[in-house]
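S.K.: Mapping of the sequence shown onto the numbering used here: residues 4 to 58, in sequence order. Every residue, glycine too, gets a C-beta built ideally from N, C-alpha and C. Can you read through this structure? Questions will come right after.
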Amino acid sequence: DGVPVAMFDERMTTMTASRYLNETGTHGKKRKQVIDTLSAQIILQNCLDRLKYMT
Numbered sequence: 004d005g006v007p008v009a010m011f012d013e014r015m016t017t018m019t020a021s022r023y024l025n026e027t028g029t030h031g032k033k034r035k036q037v038i039d040t041l042s043a044q045i046i047l048q049n050c051l052d053r054l055k056y057m058t
């Protein structure tokens, strides 16, 4: 039997991360360093939350 596959929409994660960084006052070079990491964390958390409700 195959491995289950789930699709997740990640289009809004960078915008969500950007809004969070605006709210926390993170700007400039520091912002560029963390936005991709924060976006990845948001994607992972969204996936885990969705999978929790699928099982």
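1) Kindly indicate which residue of Tyr-56, Leu-54, Lys-55, Asn-49 has the alpha-carbon position closest to the one of Thr-16.
2) In the DSSP assignment, find the unbroken alpha helix (DSSP H) run with Met-57 in it and report its ends.
3) Hey, how far is the Cα of Glu-26 from the Cα of Ile-38?
4) Taking its Cβ as the centre, do 16 or more other Cβ atoms sit within 10 Å of Ala-20, making it buried, or is it exposed?
M.R.: Considering the structure as presented:
1) Asn-49
2) 31-57
3) 13 Å
4) buried
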